[in-house]
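Trainee:
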Amino acid sequence: MDYKYIFIVCLVLCWTLNPFFKKFSASKLTSSEYLIFNHILCTLIVFIYFIYLAFNGSCDANCLRKLNNKDIIYSVLGAMTSVFASILLIELLKKYDATSIIPNIQPLVLILTLLIGKFIFNETMTITKASGIITIVGGIYLINL
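Note that our numbering has the sequence shown beginning at 4, numbered continuously upward.
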């Protein structure tokens with residue numbers, strides 16, 4: 004069975020609810036304090052998940068030996084952009100409605116992903132995808148009227 008669409012629905016639900024959870028829980032902390040608190044919680048959850056995987060034989064610490072220097076650099080850059088984006092999102096959610104911030108962010112992520120995919124990774128850009136980009140730009144314009 005292909006779980007693609009089930010996973011997409013779950014991911015969309017998580018990404019939809021997450022900004023609201025952050026908005027509620029970050030109100031009494033600075034953005035930096037909330038970021039640290041949130042990442043401590045995430046680290047605990049990931050550690051518990053790692054223990055679960057280790058006991059089931061699905062993963063062990065030696066898996067990191069498969070990474071070369073280039074992989075590690077990309078991982079560090081990914082972690083840095085995640086932390087920076089988290090701080091920015093927390094700041095935005097503390098000051099503005101999630102219903103005005105997220106509808107502006109997500110379409111722009113879609114557009115940039117398509118453009119980077121096309122021009123850097125030579126992925127296919129069909130007329131349908133290009134039409135989708137134009138539609139998204141129109142939607143962003145309408146949201147901000």
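C-beta: ideal position from N, C-alpha, C; glycine also. The structure displayed is predicted, hence computed values, not measured ones.
1. Run through DSSP, which three-state label would I119 get?
2. Relative to the C-alpha of A29, which candidate in G141, S103, Y99 and K7 has its C-alpha closest?
3. If I follow the unbroken alpha helix (DSSP H) through K31, where does it start and stop?
4. Specify, as a first and last residue, the run of the alpha helix (DSSP H) that K69 falls within.
5. Could you check the C-alpha separation between N72 and N147 for me, to the nearest Å?
6. Is it buried or exposed for Y77, if we count other Cβ within 10 angstroms and need 16 for buried?
7. Could you spell out the range, first to last residue, of the alpha helix (DSSP H) harbouring S134?
8. Enumerate in chain order the residues of its own chain whose CB-to-CB distance from L91 is below 7 Å, with the five nearest sequence positions on each side excluded.
9. Pick out whichever of T102, S103, I137 and P106 has its Cα sitting closest to the Cα of L117.
10. Looking at C-beta atoms only, is the number of pairs between the segment 17 to 24 and the segment 95 to 112 that lie closer than 8 Å three or more?
11. Checking 9 Å against the spacing of the C-beta atoms, do Y37 and I93 come in under that value?
12. Quick check on L80: buried or exposed, where buried means 16 or more other Cβ atoms within 10 Å of its Cβ?
13. My output table needs one value for Y99: the three-state DSSP class, helix, strand or coil.
Mentor: Taking the definition as stated:
1. helix
2. Y99
3. K31 -> no alpha helix (DSSP H), and no H or E assigned at all.
4. From DSSP, K69 is part of no alpha helix (DSSP H); its letter is neither H nor E.
5. 43 Å
6. exposed
7. I130 to I146
8. none
9. I137
10. yes
11. yes
12. exposed
13. coil
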